[in-house]
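Data first, discussion second: the structure below is written as structure tokens.
2 protein chains.
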Amino acid sequence: MDISKIGKIALLDHLNDRFDIVQNSTLRAFDDAAVINSANGTKQICSEIFLEGIHFNLVYTPLQHLGYKVVTHAVSNIVAMNSQPRQILVSTAVSSRFQVADIELLYDGIRSACSIYGLELLDNNLTASLTGMTVGITCIGEAKEADLCYRGGAGVNDLICLSGSLGAAYVGLQVLERERYVFEQNPQAQPQLEGYNYVLGKQLHPQARTDMTAIFAEQDVKPSAMTDIVDCLASDLLQICKQSSVGARIYLDRIPVASETVAACREMNIDPVTAALNGGDDFELLFTVPLAKYEQVKNLAGFEVIGHVTDAAQGAYLVTPEGGEIKITAQGWSDV
Amino acid sequence: MDISKIGKIALLDHLNDRFDIVQNSTLRAFDDAAVINSANGTKQICSEIFLEGIHFNLVYTPLQHLGYKVVTHAVSNIVAMNSQPRQILVSTAVSSRFQVADIELLYDGIRSACSIYGLELLDNNLTASLTGMTVGITCIGEAKEADLCYRGGAGVNDLICLSGSLGAAYVGLQVLERERYVFEQNPQAQPQLEGYNYVLGKQLHPQARTDMTAIFAEQDVKPSAMTDIVDCLASDLLQICKQSSVGARIYLDRIPVASETVAACREMNIDPVTAALNGGDDFELLFTVPLAKYEQVKNLAGFEVIGHVTDAAQGAYLVTPEGGEIKITAQGWSDV
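Written as structure tokens, this is what we have:
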């Protein structure tokens, strides 16, 4: 059977069924990051690989930005557990078309991310590649057990919140793709990137929401469930619904889209709603908090309330301003 | 500058110089695995990526064997710290030429390794690839701090030991490469693999030396330095010399080569010494123990004494049976 027929999430479930997955007091597997408990706290660990041509295109991604962004990606997984990232391990595979100076740029970006996020580099491997660049990042975080947020903790009537606006990274990518196309047609053309600073910044230099852990602590609001928006809002919301055994109603007119994103969408003839729902790479957090916290959080930055949790039997729906309900479905083979 | 001009190890050193590498009481970086201390013990973490065409060839590597072997590789790094492997995280990238059944076979191999080594699967990611298969493995081990062995602890006059014989995996690979060549010339030809069970087994189904931790404990012999032979004896010995600031003398006629490996070498017109010195993937341990332990270990399986540690000023040399000394030099761009 073709992998595209079964889809990524179903195939992962199928493969994982073949293992005895452990979920006990010292281990918790298969969330944004895995959790290992020890006497004086918990460690969170996540590991991902990023491939040229799939996760990044070096035609318009400067290597420094790439190095920074793959670390941001891993850090975001740790943050999505309400944990603080502490260390990374890096493995890089490069083909012979790369020079030493290229690898230096990549590692300048990795170093910049380490500095911004306060990470220590614990290991660094280099290997050859036949076909381009691949980067593997493992990130380790640290949190008290009581602070950890899993995907599986959402309760009926909880508020569904976003830490910030969506769609900018997707629109930034469309701008870059447009300029790549123009460049391929006419290598003399200069890229037209003026006016797109906001969306390009969100695509090339996104920020993992490491600030949210402190905000949750200050407000004394611990999310009942949390994940980061990496694939897209629809598929990440379904992960929370599935692992919490709940349904959801989210409201289209509540989904925050930055004015810069809307403006860029207009110029690019992209529907801002499509960008916000289906775009990835925004690295915002999607989380649920108890309904009782509504008055406290409703005007706080970082708590954009977009809907509420329902019974599993009611499914997951997007409600339009006119009151129409659109069933939220999982993508098939989706990628970062 | 071309990467091949500077070489892998020098390039890694150059890149790592750009980071503030932490080596303190709670962290230790850049060994076979990184070490994180906590109140009740230490965790070891290593992370590696394996690329089709570089680390494995699917023409003659069954996917089950591949899944098993990449886990063995990561486990061997943990064992080289004198630590017990406990958990793994897996990331797999596959192109559209792979079917669901192929991925199942890969994961059957991973599951088999988990069962043999007593590992728990903590996370599992799938992603797309344009150009083949890439597998990333992160392995976590557990050890008491006092039991850990680093590459940097070898002292002058220590014995240099191997846990077993070398060269078999390399010769097994040559047999497979020969048959691949025959097959490419004549797709009707049946592979001639009879008589090569031992070397093929060492190549396709090698065993990480998880048994050695118990042997060291039973014998009350803690290696002063240790690493696993993954690249080749020469380059892994140089890693110990460099990180311990010592030199070494190893004796050619002491390097253990299994009789099956010698026989296969004869048939294949390969010099057994070349296979033992330059072949990789044997997953044996290279370690040093104090000279005072010589009487105790000299007849023990798992303690093949091949030489001794010298002053750094004396360099690293291979001594031939005739008394000639050959300087051991690092390979340039070497790969697993």
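Heads up: the protein sequence lines correspond to chains A and B, in order. Taking the working numbering, the leading residue of the first sequence gets 1, the next gets one more, and so forth. Taking the working numbering, the leading residue of the second sequence gets 1001, the next gets one more, and so forth. Each residue gets a CB set at the ideal place from its N, CA and C atoms; glycine is no exception.
In this structure, does DSSP put A:TYR317 in helix, strand or coil?
Three-state DSSP puts A:TYR317 in a strand.
Applying the 10 Å Cβ sphere with the 16-neighbour rule, what's the burial state of A:SER259?
By the 10 Å Cβ count, A:SER259 comes out exposed.
Give the single residue among A:VAL156, A:ALA33, A:GLY136 and A:ASN37 whose Cα lies nearest to the Cα of A:THR26.
Ranking A:VAL156, A:ALA33, A:GLY136 and A:ASN37 by Cα distance to A:THR26 puts A:ASN37 first.
Answer with buried or exposed for B:ASN1077, where buried requires no fewer than 16 other C-beta atoms within 10 angstroms of its C-beta.
Counting Cβ neighbours within 10 Å, B:ASN1077 comes out buried, since at least 16 surround it.
Is the Cβ-Cβ distance between A:THR138 and A:ILE88 less than 8 Å?
Cβ distance < 8 Å, so A:THR138 and A:ILE88 count as in contact.
What residue does the beta strand (DSSP E) around B:MET1226 start on, and which one ends it?
Element bounds for B:MET1226: 1225 to 1228.
B:ALA1093 CB to nearest chain A CB: under 8 Å?
Interface residue, yes.
In the DSSP assignment, what are the bridge partners of A:GLU304?
In the DSSP output, where bridge partners are listed per residue, A:GLU304 has A:LEU162.
For B:CYS1232, decide whether its Cβ has a neighbour in chain A, counting only Cβ atoms nearer than 8 Å.
It does not; no Cβ of chain A falls within 8 Å.
Mind checking whether A:PHE283 and A:THR72 have CB atoms under 8 Å apart?
Yes.
Could you list which residues in chain A have their beta carbon closer than 8 Å to that of B:CYS1046, in chain order?
In chain order: LEU89 and ASP123.
Determine whether the Cβ of A:CYS161 lies closer than 8 Å to any Cβ atom of chain B.
Chain B contact via Cβ: absent.
Determine, using beta carbons only, whether B:ALA983 and B:TYR1196 come nearer to each other than 8 Å.
Residue numbering for chain B in the displayed model covers 1001 to 1336; residue 983 of chain B lies beyond these limits and cannot be assessed.
With 16 as the cutoff for other CB atoms within 10 Å, does A:ARG209 come out buried or exposed?
Buried.
So that I know if they touch, is there some Cβ in chain A lying closer than 8 Å to that of B:GLY1279?
Cβ-Cβ to chain A under 8 Å: no for B:GLY1279.
Helix, strand or coil for A:ILE255? Go by DSSP, reduced to three states.
A:ILE255: coil per DSSP, three-state reduction.
Chain A beta carbons: is any one of them nearer than 8 Å to that of B:GLY1332?
Only weak support is given to the placement of B:GLY1332: the predicted model assigns it a pLDDT of 47, under 50, and the question is left unresolved by the model.
With respect to the alpha helix (DSSP H) encompassing B:CYS1114, which residues constitute its N-terminal and C-terminal limits?
Element bounds for B:CYS1114: 1100 to 1117.
Does the Cβ-Cβ distance between B:GLN1203 and B:ASP1311 come in under 8 Å?
No; because the gap between Cβ atoms is not below 8 Å, this pair is not in contact.
Between which two residues does the beta strand (DSSP E) containing B:LEU1122 stretch?
Unbroken beta strand (DSSP E) run through B:LEU1122: 1120 to 1128.
Assuming B:THR1261 contacts B:ALA1080 under a Cβ cut-off of 8 Å, what Cβ separation, rounded to an integer in Å, is found between them?
Not a contact, Cβ separation roughly 22 Å.
Sorted by chain position, which residues of the same chain lie with C-beta nearer than 7 Å to A:MET212's C-beta, five sequence neighbours on each side aside?
The answer, listed in chain order, is VAL79, SER163, LEU285 and GLY302.
If the cut is a Cβ gap below 8 Å, which residues of chain A does B:MET1001 touch?
Result: GLN99, VAL100 and ALA101.
Report the three-state DSSP secondary structure of B:LYS1327 (helix, strand or coil).
Three-state result, B:LYS1327: strand.
Would you kindly report the start and end of the unbroken beta strand (DSSP E) that includes B:GLY1067?
Per DSSP, B:GLY1067 belongs to no beta strand (DSSP E); it is in the alpha helix (DSSP H), 1063 to 1079.
DSSP on A:GLN239, reduced to helix/strand/coil?
A:GLN239 falls in the helix class under three-state DSSP.
Checking 8 Å against the spacing of the C-beta atoms, do A:VAL85 and A:LEU51 come in under that value?
Note that residue 85 of chain A is Pro in the sequence shown here, rather than Val. No.
Can you find a CB in chain A that lies within less than 8 Å of the CB of B:PHE1283?
Not an interface residue.
On the three-state DSSP scale, how would you describe B:ARG1266?
If DSSP states are grouped into helix, strand and coil, B:ARG1266 belongs with the helices.
Is the beta carbon of B:PRO1343 less than 8 Å from the beta carbon of B:ASP1158?
The first residue shown for chain B is 1001 and the last is 1336, placing residue 1343 of chain B beyond what the model contains.
Let me confirm a value: B:GLY1247 is counted as buried when at least 16 other C-beta atoms fall within 10 Å, else exposed. Which label applies?
Buried, by the Cβ-count rule.
Is the Cβ-Cβ distance between A:GLY307 and A:ARG254 less than 8 Å?
Yes; because the gap between Cβ atoms is below 8 Å, this pair is in contact.
Looking at A:THR337: is its Cβ nearer than 8 Å to the Cβ of A:VAL309?
This structure does not reach residue 337 of chain A, given that chain A is present from 1 up to 336, and the question cannot be answered.
If the cut is a Cβ gap below 7 Å, which residues of chain B does A:ARG111 touch?
ARG1018 and PHE1019, listed in chain order.
Below 8 Å on C-beta distance, what does B:GLY1136 contact in chain E?
Of the protein chains in this structure, namely A and B, none is chain E.
Alpha carbon to alpha carbon, what distance is there between A:CYS114 and B:GLU1184?
Taking the straight line joining both Cα atoms gives about 48 Å.
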